[in-house]
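K.L.:
Under our numbering, the residues of the sequence shown are numbered 9 to 421, in order.
Note that beta-carbon positions come from the ideal geometry of N, C-alpha and C, so glycine has one too.
Model, not experiment: these values are computed from the prediction.
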Amino acid sequence: MPAAWQRRGYSIAAMRRQARAALPRPVFDFADGGAEDERTLRRNEAAFAEYALLPRPLNGAAARDQSLDLFGHRLSLPVLLGPTGLAGLFWPDAERAAARAAAAAGTVYCLSHGSVCTLEQLAATGAAPRWMQVFIYRDRSFTRELAARAQAAGDDALVLTIDNQLLGNRERDLRNGFSIPPRFGARDLAGTALRLRWLARMRRDLPRITFGNYVRPGEPADIRTLAGRMAGLLDPAMNWADVDALRRDWRGPLLLKGVLHPAEAAEAAARGIDGLIVSNHGGRQLDGAAAALEALPGVAAAVAGRIPVLLDGGVRRGADVVTALALGARACLIGRPALWGVAVAGEAGVAHVLDIYRREIDRAMGLLGAARLADLGPDLLFRRQQGMPPCPTSRSSTATSISTTSPVSATPG
Ligand SMILES: Cc1cc2nc3c(=O)[nH]c(=O)nc-3n(C[C@H](O)[C@H](O)[C@H](O)COP(=O)(O)O)c2cc1C
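1) To the nearest angstrom, how far is the alpha carbon of residue 241 from that of residue 285?
2) Contact defined as beta carbons within less than 8 angstroms: I believe residue 109 pairs with residue 355. What is the distance between those atoms, to the nearest angstrom?
3) In terms of residue numbering, what span does the alpha helix (DSSP H) encompassing residue 390 cover?
4) In chain order, which beta strand (DSSP E) runs of at least 3 residues are fully inside the stretch 41-95?
5) Considering only residues of the same chain and omitting the five flanking positions on each side of residue 328, which have a CB-CB separation below 6 angstroms?
6) Give a yes or no on whether the C-beta atoms belonging to residue 156 and residue 123 are separated by under 9 angstroms.
7) My understanding is that residue 319 touches residue 297, with C-beta atoms under 8 angstroms, so please give their C-beta distance in whole angstroms.
8) When you compare the CB positions of residue 292 and residue 43, do they come within less than 9 angstroms of one another, or not?
9) Does the stretch 23-34 touch the stretch 157-171, meaning 3 or more C-beta pairs lie closer than 8 angstroms?
10) Output the boundary residues of the beta strand (DSSP E) element that contains residue 23.
11) Does the beta carbon of residue 39 fall short of 8 angstroms from some heavy atom of ligand 1?
12) Measuring CA to CA, which of 113, 107, 111, 112 is closest to residue 120?
13) Would you mind stating whether residue 270 and residue 306 have Cβ atoms separated by less than 9 angstroms?
14) How would you label residue 134, buried or exposed, when you count the other beta carbons within 10 angstroms and need 16 or more for buried?
15) I need the boundaries of the beta strand (DSSP E) containing residue 285, first residue and last residue.
16) Could you check whether residue 261 and residue 164 sit closer than 9 angstroms to each other, using their CB atoms as the reference points?
17) Should residue 324 be labelled buried (16 or more other beta-carbon atoms within 10 Å of its own) or exposed?
18) Would you check whether ligand 1 has a heavy atom nearer than 8 angstroms to the C-beta of residue 345?
19) Nearest to residue 310 by CA position, among 277, 381, 111, 331, is which residue?
20) Any idea what DSSP makes of residue 246, helix, strand or coil?
21) Check for me: the beta strand (DSSP E) holding residue 140 runs from which residue to which?
22) Does the Cβ-Cβ distance between residue 152 and residue 249 come in under 9 angstroms?
23) Looking at the structure shown, is residue 208 part of a helix, part of a strand, or coil, going by DSSP?
24) Can you tell me which of the three DSSP states residue 347 falls into?
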């Protein structure tokens with residue numbers, strides 16, 4: 009019999025509501041919020057509503073297959089867990105819990121540079137496939153060091169995040185006085201008994217929370233020192249030469265995360281990058297940036313199938329995943345939904361979140377008339393502003409220009 013939280017957590021939005029009730033306000037907002045006016049944060053989700061699906065139910069299939077190959081691994085669903093720093097704030101040992109849930113579900117877990125556990129501790133779980141996310145640091149040898157550690161730990165891919173070289177201006181954190189380590193007043197914990205349960209659960213871990221990968225022997229390991237050092241480490245002058253250097257150092261799939269511009273996408277493919285993640289960091293960095301989904305068609309057109317294109321930002325429904333795949337993404341990543349899952353019930357909560365996506369994708373594919381992910385193409389979509397493609401039997405003068413294979417344009421919105 010499902011637990012109460014599982015019954016109440018019937019959708020990603022319902023899991024978010026439970027996470028909001030379970031976490032102190034500053035902790036919930038740290039994950040939930042975006043930069044400045046949160047325009048890009050809202051735009052990520054809203055962009056999916058700009059597209060409508062055109063079902064072909066007579067292409068019915070008794071069972072749908074949502075598995076895919078990605079960098080030599082067979083994944084059982086096109087939803088991966090993206091990197092989220094300080095996940096260990098939401099549940100004790102959250103990163104390892106989430107990685108185990110991802111592996112059990114047959115998908116990828118990508119560890120953040122800013123994880124609480126170290127990349128070696130994550131590797132020791134044996135959970136796979138496992139990706140590691142890094143930045144370009146002022147001290148390039150630190151980027152090389154992290155890549156070498158990930159290689160030694162047997163990580164399956166390296167993700168270079170390029171949209172975080174300056175820290176985003178997260179005003180919810182400023183309003184809430186969010187600090188690391190977190191400090192709470194009675195007001196932050198008021199409201200639900202669940203927040204006190206979070207405090208009890210985290211009591212042992214909170215004082216020890218730190219950025220595990222940055223701890224160096226003989227140096228202070230407290231999070232305040234490390235956070236200060238980390239912000240100073242990021243180099244806004246990063247450029248393609250750094251990408252090339254990492255390409256030479258890392259033996260295995262190398263992905264760029266935070267690509268929105270088609271010219272950068274084309275350049276990356278030409279320089280031997282193995283995959284792209286179309287992303288605006290979940291609206292946490294440049295407020296006013298395009299929604300990931302808006303940028304996807306341009307990026308997909310620029311790489312023209314040479315390397316896989318993934319997408320994250322605002323993916324909250326199976327139909328969102330289906331929409332992104334129809335527009336050229338190989339798979340999607342999620343950030344906040346996995347954190348909501350882990351905040352509600354640890355490993356079981358993340359498993360539940362992945363299960364929601366799996367069930368919704370299956371239902372959407374079934375209703376759409378798609379038996380395999382390869383069946384998802386732009387012919388199954390139209391964009392609201394462009395209007396529904398005219399009916400081929402109408403006497404409209406545009407009827408001759410109707411393309412039943414691509415009613416959606418391949419240029420960014
Ligand atoms: C709390 C939090 C921490 C994050 N930390 C990182 C990080 O360390 N590295 C990174 O590349 N992206 C980070 N991201 C961005 C996510 O990887 C992802 O791009 C974004 O959350 C996707 O949007 P979604 O949350 O709408 O799914 C973080 C996001 C959140 C919410």
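P.N.:
So, from the listed chains and residues:
1) 23 angstroms
2) 5 angstroms
3) Per DSSP, residue 390 belongs to no alpha helix (DSSP H); it is in the beta strand (DSSP E), 389-391.
4) 59-61, 76-78, 81-83, 87-89
5) 56
6) no
7) Actually they are not in contact, since the Cβ atoms of residue 319 and residue 297 sit about 14 angstroms apart, beyond 8 angstroms.
8) yes
9) no
10) No beta strand (DSSP E) contains residue 23, which is instead part of the alpha helix (DSSP H) from 20-30.
11) yes
12) 107
13) yes
14) exposed
15) 283-286
16) yes
17) buried
18) yes
19) 277
20) coil
21) 138-142
22) no
23) helix
24) helix
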